[in-house]
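> My questions will all concern the structure given below.
In our numbering, the protein residues as written are 3 to 145.
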């Protein structure tokens, strides 16, 4: 149910048309902030017992989906390329994986180092995702 509510919100916000010649930055910001809020609340609720668990999982899924699909839908509806927004939103994940891969600190054959750089990679997302969103809002969200 939560996923459908989030999807309807994203689509209603995304389908509102901007005036010709004007920026549609506000629409992109609203969609992205709503997605990030859903993700944050969902992650806080996902481990709780009772109805909070499924509610949190639904909000988390809605937030992640909105991050990857919401902004590109807005760009597509305004006649701008969708793939550059998708690429910009995937770039932080690629950077995080690169950081994770290069920060491994393996010692000996007995040490399993598969996730040694995971903390650094996850921390890099706290910088790269907001940077990607700001670029999307202020560079790509104009006529």
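Glycine included, every Cβ here is placed at the ideal spot set by N, Cα and C. Predicted model, so just to flag it, every value in this text is computed and none were measured.
Is residue 77 helix, strand or coil when you go by DSSP?
In the structure shown, residue 77 sits in a helix (DSSP, three-state: H, G or I).
> Answer with buried or exposed for residue 94, where buried requires no fewer than 16 other C-beta atoms within 10 angstroms of its C-beta.
It is buried - the Cβ of residue 94 has at least 16 other Cβ atoms within 10 Å.
> Classify residue 112 as buried or exposed, calling it buried when 16 or more other Cβ atoms lie within 10 Å of its own Cβ.
Residue placement at residue 112 is flagged as unreliable, the pLDDT there being 49, under the threshold of 50; the coordinate-derived value follows with that caveat. Burial call: exposed.
> Quick check on DSSP: helix, strand or coil for residue 56?
Note: residue 56 maps to helix in three-state DSSP.
> Where residue 136 and residue 60 are concerned, what is the direct C-alpha to C-alpha distance, given to the nearest angstrom?
If I take the Cα positions, the gap works out to 26 Å.
> In this structure, how does DSSP classify residue 112 when only helix, strand and coil are distinguished?
With a pLDDT of 49 at residue 112, under the threshold of 50, the modelled position of this residue cannot be trusted, and the question is left open.
> With DSSP run on the structure shown, which of helix, strand or coil describes residue 26?
Residue 26 falls in the coil class under three-state DSSP.
> Taking the Cβ atom as the reference point for each residue, do residue 30 and residue 73 lie within a distance shorter than 7 Å?
Going by C-beta atoms, residue 30 is nearer than 7 Å to residue 73.
> Let me know if residue 134 comes out buried or exposed under the rule of 16 or more other beta-carbons within 10 Å of its beta-carbon.
Result: buried.
> When you compare only the Cα positions, how much space is there between residue 125 and residue 98?
Each residue's Cα considered, the two are about 8 Å apart.
> Would residue 76 be called buried (16 or more neighbouring beta carbons within 10 Å of its own) or exposed?
It is buried - the Cβ of residue 76 has at least 16 other Cβ atoms within 10 Å.
> Using CA coordinates, which residue listed in 130, 28 and 138 is at the minimum distance from residue 84?
Minimum Cα distance to residue 84 is reached at 138.
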